[in-house]
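There are 2 protein chains.
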Amino acid sequence: MAFDNNIPTKFPSLGENAPSGSDLLSLERSKASFDVQKLTEFMYTKDWLEKRNRVLAVIEKDPGFSKTHRYYQSRDAKVKSGFLKDKRIIELAEEHQWGPDERRVATFLYDQSTPFSLHHGMFIPTLMNQTTDEQKRLFLEPALKYEILGCYAQTELGHGSNVQGLETTATYISSTNEFDLHSPSLTSAKWWIGGLGKTATHAIVMARLVIHGKDHGPHPFCVQIRSLKDHRPLEGITVGDIGPKFGFNAVDNGFLLFDHYLVPHVSFLAGLAQVVPGTGDYIRPPNTKLSYGTMVYVRANIVMGVRFALAKAATISIRYAAVRQQFVDSANARTWGAKTVVETPVLDYTMQQYRLLPILASAYACFFTGREMMRLYEWNQQEMKKGRYDLLADVHASSSGLKSLTTTMAVDAIEDCRRACGGHGYSLFSGLGLFYQDYLPNTTWEGDNYVLTQQTARYLLKTYRQVLQTGGGPTTDEQQHNITASYLKEYLHRPTAKCTAMNPTDLQHPELILAAFKYRAAYGVAQVVAQLDRHGKSWNAVLVELQRVSRAHCQYLLVHNFFAALQSDPLLSSSKYCDIHSVLRTLACLFGLHMMEKDLAEFIVCGYLSITQCDWVKEQVMVLLDAIRPQAVPLVDAFDLPDYYLHSALGRYDGKVYKAMTEMAEMEPLNHSVVVDGYASSIRPLIFQGWKDGLPGDSKL
Amino acid sequence: MAFDNNIPTKFPSLGENAPSGSDLLSLERSKASFDVQKLTEFMYTKDWLEKRNRVLAVIEKDPGFSKTHRYYQSRDAKVKSGFLKDKRIIELAEEHQWGPDERRVATFLYDQSTPFSLHHGMFIPTLMNQTTDEQKRLFLEPALKYEILGCYAQTELGHGSNVQGLETTATYISSTNEFDLHSPSLTSAKWWIGGLGKTATHAIVMARLVIHGKDHGPHPFCVQIRSLKDHRPLEGITVGDIGPKFGFNAVDNGFLLFDHYLVPHVSFLAGLAQVVPGTGDYIRPPNTKLSYGTMVYVRANIVMGVRFALAKAATISIRYAAVRQQFVDSANARTWGAKTVVETPVLDYTMQQYRLLPILASAYACFFTGREMMRLYEWNQQEMKKGRYDLLADVHASSSGLKSLTTTMAVDAIEDCRRACGGHGYSLFSGLGLFYQDYLPNTTWEGDNYVLTQQTARYLLKTYRQVLQTGGGPTTDEQQHNITASYLKEYLHRPTAKCTAMNPTDLQHPELILAAFKYRAAYGVAQVVAQLDRHGKSWNAVLVELQRVSRAHCQYLLVHNFFAALQSDPLLSSSKYCDIHSVLRTLACLFGLHMMEKDLAEFIVCGYLSITQCDWVKEQVMVLLDAIRPQAVPLVDAFDLPDYYLHSALGRYDGKVYKAMTEMAEMEPLNHSVVVDGYASSIRPLIFQGWKDGLPGDSKL
């Protein structure tokens, strides 16, 4: 028999039915009402795109950056490929003279955290900001040259968000001028520490500083944990990997315990607080508000990242929805070439539009809000340098709430997009499964999303009480540029305002949408203040409401920033950009009204929208979906996410979805042999035991 | 140095802080207001529990059923362990004389689909129901003895829900009395077929039957695809595994293509339709409604399974929330033994209660609805046997919508519970990550959840139109036992009804809650009928509304079945069960009002609830959460899910969460050697290259 059984399995070369995915995407692109490239350049700048393309050209072909095996890797293979990439980027940076920008781009495009992520993200920054010159020489300089590899060990097995509850102790021994690091209980084990499992030689350890019996609370120490020679854990250290996670498995999150581990005085990071050698006198850190600025920066960056997460999810699911055909929508049946009737692309179904297009709109919303947060961050930094702290509280509170709201939006959107891809969304080849799993920690780190909303709410309540005290009178200095105080005051002046829409299309006026979000946010704050201050409810009793007011506030900011950019961005408001302005305005209305519809009860219960207006909201959402539908593919194209970045069979620019699915299936290791591990011990005996009178021939029975 | 570096890593033996997890769970259990064991027996029956315990005792210790390595396994190890379990259950069944019930229990407890799942779930049932006696002898008998292993190949790469769109052809060749199976295009490749990738020797193939050029649409064929001797694919077959998935990776979902593959006439499953040998005359299948009964049965089973999914998620997250302590709620600070103040268990925070307790309530709701669906299924089967089809349409439509609604509730709840576990929810040791991934296909198979709602909605619209025609007059025969027709008629009689609650606690009356759900469901149906029939909207234009009316209808059923059982179940309504009745009634109110709050806008926009009543709904949800709070742990305990089943560090019955986390981390393969793959090539060179002047000693710097 000449037949070779086709192992490793190769697919026969078969054609695609017309219309092909490429045909369908070309058709979509021909309907663009705006200049896609111009919008791309507006969002990224030509300079960044040039840089991106330059880096992309290098890493796309580099084995250290290959994504080919990403979806088939076991845990240890993932960690290994992470190491490879970490080492390779250092070499490439040298070779191509990449600066921090290019490295950031490469890391962004590779799109998977690696064991060194926390070395760069937390270890080095902490050593930069919280050390003496001596400590910079001892720790920072070798860290920058990768002579030592570090991590940041704060979270403990029993203690996450509540940093003040940490148990690890660092007891000062004045006689030897050392600290005794110790883990007194199981729950005190450092846990979840990225890069600690199998990589780090050093750790920044947050431990309670105890001097002469007095507990000064958590402080940072820089300590060696593994031998530089052979990577063995040092004596007194228990260290390892915390095991498999829902995602993020290329990173070796680790645990760490100390058994009366002695470290020298210099291990205590003395850039802020200090311990006087010998006497053990404790010198408090200067009470600086500057660290809040850093938090704003980190969170603004997360929101900028949310834009990419949303854009990636939208790109994959919308392109695939334009390619995937299912049933014939009889009212809207299409023909194609010789075929009289072809199945309808699922993107033509209103349910699919309802599921996907608001996510596309939210990607753009997060672009504008991310940009605005960066502007506020920089403005605030300038102000603080001049000793003015007027902006800080507002910027910090909003950045907390926006981090919480937008990362939750993103994780939900990724999963919604995955599900909207139907069965194939469940294949890892969709590019959405691992993405969801890897993205999720964004909802936990830099402040748990639920805990964060309390910070935002606390500020909103405080501001409202201040506004109440001044009776909504003339603004104080602090309130002058304060968007929060401003809408709360507006509410106080017109506490029974109503939506002024007289007919459905009125709802497409930005002013009208903004007014609704402002009123609903302020009303929520006023209600909670009343519950606390007048009805004597406890903080715990109103936690659910607090989360709602934080969200309402941040939703207003998202809508506000979107419309504000459309109105006042110099480019967008120029006549040369009117094609882009027009489609973005429709998108902004969709974003606002869809979000309003999702929380419609809040807009009615406060008395702002009438029941008729609620029906209009629903109606206008459908009208706007219909308006955006033909622009959906051009709008995801404008995000210009390279195929290398997406690494998705379904989201490819060229629409060759089915070809890509089969090519990726050919690479499945199980297909490289006739039988797999387990056949000989389990399947074969079963079959053979059955045919007691001898196997039948391999006929087709 | 005596220090051995502690590799493989073992944790030091450290105590837990007081109060320990066990202390906290004991305290919770001491607060039970009802007899937990009695509730357990009510739900499962003593008989089933005895069976469960008997099977559990066997498989807990059996290597073939071990879950020890589940969270560390690579794809091929997962498949291999699946084979092992598949073979082992056959042996155990023989050894312990297990019947189908015991096997089902074993499979339920093992809680992971395996390569043989579709052999039992689809291959054998199809051969039982759609074959001639000759085919039973040829295919079914060897299948029952595992002499051949099968799968069910329907879905294609380009065709899922739309079965009529399948492309694979089976062309009858009258001269040889054979069929020519062929895959004409890439999109016609069979795809997603469970057990096909590396296991099946045979497949039921759905292919378009073509005779003398006439296409009779998809029909089933049973064909051999691999050699029984050595498992090689037969000539003309391309077969393999479709690659890694988001979950379900112990199953070898596969692909299959035919290159003019000839099969004998007997391959055509002739239990229903027939093809006359030689002439090729096609004999239509008898037009039976019985197959709808089967669908109802399958879906009722899925809903019964939803109860376990919800109970599992609730058990893990609620037990952990009782053990996990975070911050001190100052208004509610606790002391413990010698400790003056200890951190507050997160279950005491209202936000956490709001996230978790409604999920607990929904687990009980699905128990009662699953039970009711089974009753209706059996009643309907009896009726159909008597030639009466009055019940069928209603039961079928409701089962479609309920499958859609409850499986969506379940996947969302699993993920909500995972997130509510904070950082540790992200560890696979939580037991919630893989669980979510593996459970997800429930939303797609047996009818995609979105597509299904159209079936339910179509029936609701039809029933409403019928009711309209009879002017809400006397019921027809068909409507007599028809809960749907009954509430639609009620609406027609009182189209402007209002909620009669006069004060907040009125909302805890079952009648009041039920009336609200009925009105809101009927109002939605009436609106959509008006849009289609009076405003001439297309089906596509109202898809979003259709999904809403299906959900509204099924939410009503869930609430109805819960309260109906409380009122009329002989045990529950007896005085001996008043402790249980009381807590379940509170739970039913919470379930109803929380669901109402989530979709509050729909209850207001229809004019049924006033704004004041909406505030009462929110308020009562908080009141009910507070009432359920002390019963939360006893209520999850009543589901009596064994630790073996949960396989979760966080959800253990004994509350030893942190001990379990560290024990599972010790088993992580990465911790079994000092360095991992990649160290020598990536990390070591970096470190050594840095220290050009020689490594520093392993001091602590």
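Taken in sequence, the protein lines are chains A and B. For the first sequence, position 530 (counting from the first letter as 1) is numbered 530 according to the UniProt record's numbering, and the numbering increases by one without interruption. For the second sequence, position 45 (counting from the first letter as 1) is numbered 45 according to the UniProt record's numbering, and the numbering increases by one without interruption. The C-beta atom is built at its ideal place from N, Cα and C for all residues, glycine as well.
Query - Chain-ordered neighbours of B:Phe65 on chain A, where CB pairs are closer than 7 angstroms - result: Here the premise fails: no neighbours, minimum Cβ distance about 14 angstroms.
Query raised in the report: Helix, strand or coil for B:Pro8 per DSSP?
Result: coil
Query - For B:Val633 and B:Ser568, the rounded distance between their alpha carbons - result: 27 angstroms
Query - Start and end residues, alpha helix (DSSP H) containing A:Tyr679 - result: Premise fails: A:Tyr679 is in no alpha helix (DSSP H) and is neither H nor E.
Query - Inter-residue spacing [alpha-carbon to alpha-carbon] between A:Leu39 and A:Trp379 - result: 26 angstroms
Query raised in the report: Do B:His219 and B:Gly150 have their C-beta atoms closer together than 7 angstroms?
Result: no
Query raised in the report: Can you pull the DSSP bridge partners for B:Gly254?
Result: B:Ile193, B:Asp241.
Query raised in the report: Buried or exposed: B:Cys366, going by 16 or more other Cβ atoms within 10 Å of its Cβ?
Result: buried
Report task. Report yes if the CB atom of A:Lys229 is closer than 7 angstroms to the CB atom of B:Leu695, and no otherwise. Result -> yes
Query raised in the report: Who does B:Met206 pair with in a DSSP beta bridge?
Result: B:Pro220
**Report entry** Proximal chain A residues relative to B:Cys151, where beta-carbon distance stays under 7 angstroms
**Finding:** By Cβ distance, chain A contributes nothing, its closest Cβ being about 13 angstroms from B:Cys151, past 7 angstroms.
Query - Cut-off 7 angstroms between Cβ atoms - residues of its own chain near B:Glu372, not counting five sequence neighbours on either side - result: Counting only Cβ-Cβ distances below 7 angstroms, and skipping sequence neighbours, we find Asn561.
**Report entry** Cross-strand partners of A:Val275 (DSSP beta bridge)
**Finding:** A:Tyr282
Report task. Helix, strand or coil for A:Asp448, going by three-state DSSP, please let me know. Result -> coil
Query raised in the report: So is B:Leu701 buried or exposed if we call it buried at 16+ other beta carbons inside 10 Å?
Result: Bear in mind that the predicted position of B:Leu701 carries a pLDDT of just 47, short of 50, making it unreliable; the figure below should be weighed with that in mind. Classification for B:Leu701: buried.
Query - Coarse secondary structure for A:Ser427, derived from DSSP in three states - result: A:Ser427 falls in the strand class under three-state DSSP.
Report task. In the DSSP assignment, find the beta strand (DSSP E) that holds B:Cys578 and state where it starts and stops. Result -> Element bounds for B:Cys578: not the beta strand (DSSP E) but the alpha helix (DSSP H), 578 to 598.
Requested in this report: For chain A, find out if any of its Cβ atoms is closer than 7 angstroms to the Cβ of B:Ile604; answer yes or no.
Outcome: Closer than 7 angstroms to some Cβ of chain A, the Cβ of B:Ile604 qualifies, so yes.
Query raised in the report: Given a threshold of 16 other Cβ atoms within 10 Å of its Cβ, counted over all protein chains shown, does A:Ala2 qualify as buried or as exposed?
Result: Its pLDDT being 45, under 50, A:Ala2 is placed unreliably by the model, and nothing is read from it.
Query raised in the report: In chain B, which residues lie less than 7 angstroms from A:Ser550 when you measure between Cβ atoms?
Result: Residues of chain B passing the Cβ test: none, with the nearest at roughly 12 angstroms.
Query raised in the report: Which residues in the same chain as A:Met606 place their Cβ atom closer than 6 angstroms to its Cβ, once the five residues preceding and following it in sequence are excluded?
Result: With the sequence shown as reference, residue 606 of chain A is identified as Cys, and Met is not the correct amino acid for it. Counting only Cβ-Cβ distances below 6 angstroms, and skipping sequence neighbours, we find Arg520, Tyr523.
**Report entry** chain A contacts from the segment 295 to 314 of chain B (Cβ-Cβ distance under 9 angstroms)
**Finding:** Residues of the segment 295 to 314 of chain B with a Cβ closer than 9 angstroms to any Cβ of chain A: none.
**Report entry** Near-chain B residues of the segment 501 to 530 of chain A (beta-carbon distance less than 9 angstroms), N- to C-terminal order
**Finding:** Going along the segment 501 to 530 of chain A in chain order, one finds no residue with a Cβ nearer than 9 angstroms to chain B.
Query - Simplified DSSP state of A:Tyr114, which is helix, strand or coil - result: In the sequence on display, residue 114 of chain A carries Thr and not Tyr. Here A:Thr114 sits in coil by DSSP.
Query raised in the report: Can you check whether the CB of A:Val675 is closer than 7 angstroms to the CB of B:His231?
Result: yes
Report task. Please report the residue range of the alpha helix (DSSP H) in which B:His616 lies. Result -> The question names His, yet the displayed sequence has Trp at residue 616 of chain B. Looking at the DSSP string, the run of the alpha helix (DSSP H) that includes B:Trp616 is 611 to 628.
Query raised in the report: Can you find a CB in chain A that lies within less than 7 angstroms of the CB of B:Asn561?
Result: no
**Report entry** Per-residue DSSP class, three states only, for A:Tyr523
**Finding:** helix
Query raised in the report: Counting contacts by CB-CB distance shorter than 7 angstroms, is A:Asn5 in contact with chain B?
Result: Nearest CB-CB separation between A:Asn5 and chain B: below the 7 angstroms threshold.
Query raised in the report: Can you name, in chain order, every residue of its own chain whose Cβ lies under 7 angstroms from the Cβ of B:Ser362, other than the five neighbours on each side?
Result: Leu310, Met409, Ala413, Phe591
Query raised in the report: Just to confirm, are A:Asp193 and A:Gly280 a CB contact at a threshold of 7 angstroms?
Result: Here the sequence assigns Ile to residue 193 of chain A, which means Asp is not the residue at that position. Contact: no.
Requested in this report: For B:Val549, count neighbouring Cβ atoms within 10 angstroms of its own Cβ and tell me buried if that reaches 16, exposed if not.
Outcome: buried
Query raised in the report: Is B:Trp379 helix, strand or coil when you go by DSSP?
Result: helix
Query - Spatial distance of A:Ile7 from A:Glu666 (CA atoms) - result: 10 angstroms
Query raised in the report: A:Met122: buried (16+ other C-beta within 10 angstroms of its C-beta) or exposed?
Result: Of the other Cβ atoms in all chains shown, 16 or more fall within 10 Å of the Cβ of A:Met122; this residue is therefore buried.
Query - Nearest to A:Leu391 (by Cα), restricted to the options A:Thr484, A:Gly243, A:His424, A:Ile683 - result: Residue A:Thr484 is the option with its Cα nearest to A:Leu391.
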